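Have a look at the structure below, then the notes.
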Amino acid sequence: MDTSSHIVMGLGLAALAQIDPVVANHSALSQAVMFGTVIGSNSPDFDFIYRMKGKGSYIRNHRAFSHSFLALPLWSIAVSGIIYSFFPASSFLHLFFWTFIAVILHVFFDLFNVHGTQVLLPFSKKWIAFDSLPLVDPIILLVHLLGFFLLSFFQMGKVFFIIYIFIFLYLAVRTLSTVVTKRNVHLQFHNSIRIKLIPRIFLFHWDVIIETKEEYLFGVFSKGRLKVDHSLSKKIDFPELVSDSKRHPVVSDFLSSTHYAYPFVHIRKSGYLIYWKDLRFRTNKFFPNLTIIAVSSDYKIMNCFIGTLHSLKQYKQVIRQLKNTSILKKE
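Using the working numbering, read the sequence shown as starting at 117 and increasing by one per residue.
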């Protein structure tokens, strides 16, 4: 989920907390809980501080230990402890409880989108993603907005108790449909190694990546049918050059965040450009999440880029910068 969704959910949890009579009958505690749920609902994403060490460090560490099950109580203690210092008359136990719920739900819902989290760290580096929710789910946002509207007419704790029952039922439907769809795709492609479903905004619609020994297949699953519209062969050009690029720190950071990275090599007059692209995020045949390595004709890495490019114009600007910097370094 994105930041705005986590903020909205934090506010929704603050309203739900009014079902707790201790919170509902104590104005200072109600305020403290609201701060606790909103900040707690966003606290695992405070790993943005890794950006200070560069985009690569952030990509490697985002949704890693900050989203692990060991970090959940740490975030909750830190957030509720700081807030309690401003509301000493409130109940720390209740403040901690609702803050903890907010932190847990942040990581829980992140598990259901295409990114997933490394929730099992430090015991396992495996990325866990259930592929059930889009990064921004309009249904979850809309039912929260409906709940906020109804607060003028009904008791807020009861309203959001019903809202969250609906959200969890909605999540169950999306998750079950994802499991069934993945099984159906497996039946059509017995030789598949992995199948990745990228949920769209609408129910029962997915972008699909099918990995076989020979290639990656891309398609759309909708109305019970799979339509394959693109493929990439695993037989790549300049395999040694591609293999050597994996040792570069930026490429290593990029590869640590995805199992669906694919290398493209472009030849240019002064050397090569190696593109590592995340296949999970595709608009037609455009892959916005990537890292690019500029390599000289004598196989020396001259420059690099890591990040997200949203348009062809941005793409061209980055390539131009890489080329110009490479030329300057040679001179």
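Ideal placement from N, C-alpha and C gives every residue a C-beta, glycine not left out.
All values derive from a computational prediction rather than experimental measurement.
Can you tell which of the options has its C-alpha closest to the C-alpha of residue i?
| i | options | result |
| --- | --- | --- |
| ARG316 | ASP369, LEU333, THR294, PHE403 | THR294 |
| ASP353 | LEU389, PRO365, HIS346, PHE320 | LEU389 |
| ILE279 | ILE435, ARG436, ILE135 | ILE135 |
| ARG179 | SER373, ILE409, PHE269, SER427 | SER373 |
| PHE213 | VAL230, PHE224, PHE225, SER192 | SER192 |
| PHE228 | PHE208, LYS241, SER207, ASP253 | ASP253 |
| ILE198 | GLY156, LEU236, VAL230 | GLY156 |
| ASP163 | THR153, LEU145, SER184 | SER184 |
| SER349 | PHE370, SER368, PHE380 | PHE380 |
| PRO204 | ASN419, LEU145, LYS169, GLN271 | LEU145 |
| ASN440 | GLY423, TYR415, LYS329, ARG384 | ARG384 |
| ASN177 | SER120, ASP345, TRP243 | TRP243 |
| THR407 | SER413, LEU190, PRO365, SER308 | PRO365 |
| ALA131 | GLY273, TYR431, ARG363, VAL230 | GLY273 |
| ILE175 | GLY263, LYS432, GLN437, ILE422 | ILE422 |
| THR153 | LYS169, TYR200, LEU267, SER173 | TYR200 |
| SER182 | GLY172, LYS171, SER196, TYR166 | TYR166 |
Got a sec, what are the start and stop residues for the beta strand (DSSP E) residue i sits in?
| i | result |
| --- | --- |
| ASN419 | 417–424 |
| TYR332 | 331–338 |
| LYS312 | 310–315 |
| LEU342 | 341–349 |
| TYR378 | 377–384 |
| HIS321 | 321–327 |
Check the DSSP bridge columns for residue i and list the partner residues they point to.
| i | result |
| --- | --- |
| ALA410 | LEU389, ASN419 |
| ILE244 | THR233 |
| THR399 | PHE402 |
| ASP394 | ALA377 |
What whole-angstrom Cβ distance do residue i and residue j have, given they're in contact under 8 Å?
| i | j | result |
| --- | --- | --- |
| GLN219 | LEU188 | A small fix is needed here, since residue 219 is Val in this sequence, not Gln. 5 Å between Cβ atoms; contact. |
| ALA410 | ASN400 | With 8 Å as the limit, ALA410 and ASN400 do not qualify as a contact, their Cβ atoms being about 26 Å apart. |
| VAL301 | LEU342 | 6 Å |
| ASP247 | LYS312 | 7 Å |
| VAL149 | HIS210 | 7 Å |
Please list the terminal residues of the continuous alpha helix (DSSP H) segment that includes residue i.
| i | result |
| --- | --- |
| ILE199 | 187–202 |
| ALA144 | 143–158 |
| ARG363 | No alpha helix (DSSP H) holds ARG363; DSSP gives it neither H nor E. |
| GLY170 | Taken as a continuous stretch (DSSP letters only), GLY170 belongs to no alpha helix (DSSP H), as it is neither H nor E. |
| ILE283 | 272–304 |
| PRO238 | Here PRO238 belongs to no alpha helix (DSSP H), and DSSP marks it neither H nor E. |
| LEU262 | 254–266 |
| LEU221 | 208–226 |
| ALA180 | Looking at the DSSP string, ALA180 is not in any alpha helix (DSSP H), and its letter there is neither H nor E. |
| SER427 | It is not in any alpha helix (DSSP H) - SER427 carries neither H nor E in the DSSP assignment. |
| SER120 | 119–132 |
| PRO137 | 137–140 |
With a cut-off of 8 Å, do at least 3 Cβ pairs link the stretch 253–266 to the stretch 117–134?
-> yes
Validate contact between the stretch 336–349 and the stretch 317–327 using beta carbons, cut 8 Å, 3 pairs | yes
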